[in-house]
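Visitor: This is the structure, below, for whatever I ask next.
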Amino acid sequence: MKRVLTAVVGAAAAAAVLAGCSGGDMPPMPGHGAPTTAAQPGAEAANTADVAFAQGMIPHHQQAIDMSRLAPERAQSQQVKDLARQIEAAQGPEIHTLSGWLRDWGAPEPHGGMDHGGMGGMMSADEMAQLQAARGTEFDRLFLTMMIRHHEGAVAMARTELAEGRFPAAKQMAQQIIDAQQAEIATMKGLLAQS
């Protein structure tokens, strides 16, 4: 009986090791370890699309927060100020969650200071400087125009996660981003039409 139990335990351990060595359905991105959820036993593993979603959405959300933090001192419209506060309140906690997932998956977090001007609606350094220099109704118009484009980029990134991602919580966040940001886009377009 003891030999049978030892054989079963040994076979189970070998199977676990071999399963851990399999590459899954997608190879890891160059320079990135294979994403897993080892910190959460029983949780479904993340794939490269999930990692790309988290790594892309962190700087994307951070820029939206940076833009929103300009509004209290520069915006004329109280509605723009309120919207900026709402954006910051929603996206700050999402950054925290995304960063936690990357740590759990053993994937690097994106570094600050990178120019993400070509990524999914991100503003260039020149556009950010233009927004920082604006005041009053000019700020309101620029903020709304830029944030609409920024949100459209986030919606596209979230749709890619829904189509290609595997990690259930990341897909759920992607859907929440789509729902919230499409509603905010409609609000911003309405505010632009009023100005």
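Count the sequence shown with mature numbering (1 follows the signal peptide of the UniProt record, and there is no 0) and you get residues -19 to -1, 1 to 176, in order.
We put the beta carbon where it would ideally sit given N, CA and C, even for glycine.
Would you check if the distance between the CB atom of Gln31 and the CB atom of Ala139 is smaller than 7 Å?
Guide: Contrary to the premise, residue 31 reads as Asp rather than Gln in this sequence. No.
Visitor: So, for Gly23: in the same chain, excluding its five sequence neighbours on each side, which residues have a beta-carbon less than 7 Å away from its beta-carbon?
Guide: Note that Gly23 scores a pLDDT of 34, beneath 50, so its modelled location is shaky and nothing firm can be said.
Visitor: Mind pulling the alpha helix (DSSP H) runs of 4 or more residues that sit fully within the stretch 25 to 102?
Guide: Qualifying alpha helix (DSSP H) stretches, in chain order: 29 to 49, 52 to 55 and 59 to 86.
Visitor: Could you check the C-alpha separation between Leu64 and Asp121 for me, to the nearest Å?
Guide: For Leu64 and Asp121, the distance between alpha carbons rounds to 11 Å.
Visitor: Answer yes or no: do Glu75 and His42 have a C-beta to C-beta separation smaller than 7 Å?
Guide: Yes, they are a contact pair.
Visitor: Using alpha carbons as the reference points, say which of His132, Pro149, Met127 and Asp85 lies closest to Ser105.
Guide: Per the Cα distances, Met127.
Visitor: Kindly list the residues whose CB is nearer than 8 Å to the CB of Gly98, restricted to its own chain and excluding five residues on each side of it in sequence; keep chain order.
Guide: Confidence at Gly98 is low in this model, with a pLDDT of 45, below 50, so its placement is unreliable and the value that follows should be read with caution. Excluding positions up to five away in sequence, the list reads Met104, Ser105, Ala106 and Glu108.
Visitor: Do Gln72 and Ile39 have their CB atoms nearer than 7 Å?
Guide: For Gln72 and Ile39, no; Cβs fall outside 7 Å.
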